[in-house]
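So the structure is just underneath, and the comments pick up after that.
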Amino acid sequence: MATSESEAAVDPKSVTAAPIVKIRPKKGDSVLDKALGLLSSVRFGVTMLMIVLVCAMIGMLIVQTDVDKFSEYFARLTPAQKYIYGKLGFFNIYHSRYFALFLAITGLNIILASIDRFPTAWQYVVKPKRTASPKFIQAQSFNAESEIREDTRGATDSVSAAFRKQGFRPKVVEEGGRTTIFGQKNVWNRLGAYSVHVALLTIFTGGFITSKLGVGGVLEIVPGKSANTITTREVQLDGDHFGNAQLPFNVECVDIQQKLIRPEGGLDASNTIDWYSRIKIKDRGRDVSGLVHLNEPFDHAGYRFFQSFFMGRGHAREITVQFTPKEGGNPIEVTIKRDGSADVPGIGHVAYTNFFPDFTIEGGKPSTASGDYNNPAAQLQVTAPDGKSRTLFAFTPETADQFLSKNDKDAEGVLLIDGKKVLLKSFEKVATSHTLTVQYDPGRVPVYTGFILLVLSLCGVFLFSHQRVWAVIEPEGSGAHVYLGGNTNRNKPGFEARFNSVVESVSGKRGADNE
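For the sequence shown, our numbering gives the first residue as -12, with consecutive numbering after it.
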């Protein structure tokens, strides 16, 4: 494809004309020059990108050590696979030294290649070629010429109008007795490759930052309690290694909740719609409230909190307790949240202190036989108006009646207060605690930004093209001779249609393709 912008004449009939030779400065022969030449080579860059992609594919095909199912995957491998994959670092390839080296070399290649080629591309933007000659027109990929009856000024107006109709902004230059009209569109497309380079470097930088500074672990949260450390887990070939990582803030659990499909069912995942964890982060004197639930993580200061799992032992988020006169009468009802309290007329201050889903006595102390709601009971601490405090237990009406029917004074002491039975009317089921996965990914924003920029840049590069057209007008008698030419850096069929429309508007005939 003829794209040269040389003004040199090419006479096919001449046999004595010296060939036109483009002289380039000789590159150095030193080792450093050769190394820089290799590092800035496009072929070398493509090769490095392929190597990085192969490593990334290995990381996707071979389960990595930071994945929950790694232990099961590792157990299924043959001894030879375990040895080879382990020696090559395939189980933790994204954190391997050679992967970081490949990223660094690829990034260096992108930088050097951009430095080497950007000045040329920039010239299209800052110094577009606005003058031309008939011989230059003939060297273009698409060219045509025509004689028109209008004078130079009329021809200039006609060509300018044809350019504008096709989206080209005409620039008129009068020089050497001829008039040149230049038009172009999408000149920014010449810089699209460098936008892709910036996007790739941004992605590499984000990935490198995450691999070096990122941390992840789990945090068990219990309502009313705070924590500032997470438990980390590193799976290695010799087993699991656990540790702790400090958070730069405190996480207080305000409330946990579980929405069930069937309220009468258990806490298993098949009966759960969603898990809710309400937390409050105390960070340098500032309180930040957050809600973490299924598929809705919470972000703070680069840390992301996900729902992970929950303790299977049942608890109650809130309880409704009735104080019912033993001999009959109107009951007093009160609802108390977990670890909360309420003032009950005629009873005193009632605090909800504990819950047993399957109440039993173990070693003389209240306990639970299982995590299921087989025999639920709530432990209360009641402070009477006179200041005396006592521990009571609220059971379901059926269980309470069974205990009281035995006329056991000890049972009556924890089931009755002022002649009123303490009954557990209802309760909202919830787990004892939730466990959140906490990830610190400082490179997440750069990576996301890089991928968005990469997609936009690739669309700009391949869906658009830099198109240029010239028209050289020379006076000829009472009319003018018009030479039309143009080229594009891609999408020749699309440009050909636009160029032919310009030619038809000016002369009434289609243009010619040099190819």
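A virtual CB, placed ideally from N, CA and C, is assigned to each residue, including glycine.
Assigned secondary structure, residue i (DSSP; H/G/I helix, E/B strand, else coil)
i: S492; result: helix
i: I98; result: helix
i: K407; result: strand
i: P318; result: coil
i: G141; result: helix
i: K0; result: The predicted model places K0 with a pLDDT of 42, which falls under 50 and marks its position as unreliable; any figure quoted below should be read in that light. K0: coil per DSSP, three-state reduction.
i: N130; result: strand
i: K199; result: helix
i: N476; result: coil
i: D55; result: coil
i: H228; result: strand
i: A288; result: coil
i: F343; result: strand
i: R455; result: strand
i: R271; result: coil
i: T65; result: coil
i: E483; result: helix
i: F449; result: helix
i: S354; result: strand
i: K9; result: Its pLDDT being 48, under 50, K9 is placed unreliably by the model, and nothing is read from it.
Reference residue i; option with closest CA among the options
i: S522; options: L234, I135, F105 and R249; result: This structure cannot speak to residue 522, because the chain is shown only from -12 to 502.
i: A126; options: S494, N474, N487 and T139; result: N474
i: V490; options: L88, K393, Q233 and V146; result: V146
i: T424; options: S83, S101, A232 and S198; result: A232
i: V202; options: L40, F297, F292 and V469; result: F292
i: V275; options: N237, A338 and T219; result: N237
i: A505; options: A180, A148 and N215; result: With the chain covering -12 to 502 only, the question about residue 505 has no answer from this structure.
i: I348; options: Y427, I208 and N362; result: N362
i: R249; options: I260, V50, K269 and I266; result: I260
i: E161; options: R151, G154, Q153 and T143; result: T143
i: Y360; options: A148, T218 and E415; result: E415
i: V279; options: A256, D270 and D242; result: D242
i: R271; options: L281, H287, N258 and A256; result: H287
i: Q366; options: T340, S257 and K269; result: T340
i: G170; options: P429, Y427, V493 and V159; result: V159
i: T436; options: A186, F129, M37 and K114; result: A186
i: S488; options: F86, G76, M44 and A131; result: A131
i: K408; options: A338, A148, P384 and R156; result: P384
i: P332; options: G351, G46 and T311; result: T311
i: T378; options: E483, A364, Y470 and V401; result: V401
i: V54; options: T219, R177, I208 and Q110; result: T219
i: N394; options: K313, G299 and R273; result: K313
i: L445; options: W175, S133 and G252; result: W175
Straight-line gap, residue i to residue j (C-alpha atoms, nearest Å)
i: H453; j: N173; result: 5 Å
i: P353; j: P235; result: 38 Å
i: Y72; j: H82; result: 14 Å
i: H184; j: N96; result: 10 Å
i: F123; j: V456; result: 12 Å
i: F89; j: H228; result: 28 Å
i: A371; j: G204; result: 45 Å
i: R485; j: S17; result: 49 Å
i: Y70; j: S264; result: 42 Å
i: V369; j: I49; result: 59 Å
i: G230; j: G301; result: 28 Å
i: K396; j: H336; result: 24 Å
i: G481; j: E137; result: 30 Å
i: K114; j: L36; result: 33 Å
i: I334; j: I404; result: 8 Å
i: M47; j: A364; result: 49 Å
i: E483; j: S128; result: 9 Å
i: V8; j: K116; result: Its pLDDT being 48, under 50, V8 is placed unreliably by the model, and the measurement read from it follows with that caveat. One C-alpha to the other measures close to 21 Å.
i: D505; j: F380; result: This structure does not reach residue 505, given that the chain is present from -12 up to 502, and the question cannot be answered.
Beta-carbon proximity list for residue i, same chain, < 6 Å, skipping 5 on both sides
i: K324; result: E305
i: Q309; result: P318, E320, L410 and K412
i: T355; result: F343, P344 and D345
i: A398; result: F390
i: F86; result: C42 and I80
Residues near residue i by beta carbon distance below 8 Å, same chain, minus five either side
i: P433; result: T189, I190, T192, G193 and I196
i: G277; result: R265, I266, K267, I268, F285, H287 and F292
Own chain partners of residue i with C-beta closer than 7 Å, once the 5 adjacent residues on each side are dropped
i: N478; result: S452
i: A467; result: I135, E137, D138, T139, A142, I460 and E461
i: N79; result: Q51 and T52
i: R281; result: Checking the sequence shown, residue 281 turns out to be Leu, not Arg. Here the set comprises D261, W262 and Q294.
i: G94; result: L188 and F191
i: L254; result: Q245, G299, G301, K416 and A418
i: D326; result: P210, G211 and Y339
Does the segment 92 to 102 come into contact with the segment 19 to 30, if we say contact requires no fewer than three beta-carbon pairs (one atom in each stretch) closer than 8 Å? A contact exists between the segment 92 to 102 and the segment 19 to 30.
Contact the segment 58 to 67 vs the segment 147 to 166: 3+ CB pairs below 8 Å: No, the segment 58 to 67 is not in contact with the segment 147 to 166.
Check whether the segment 419 to 433 touches the segment 293 to 300, taking contact to mean three or more Cβ pairs, one atom from each stretch, closer than 8 Å. The answer is yes - the segment 293 to 300 touches the segment 419 to 433, with three or more Cβ pairs under 8 Å.
Quick check: the segment 437 to 450 against the segment 210 to 217, are at least 3 beta-carbon pairs closer than 8 Å? Taking 8 Å as the limit for Cβ pairs, the verdict is that the segment 437 to 450 does not touch the segment 210 to 217.
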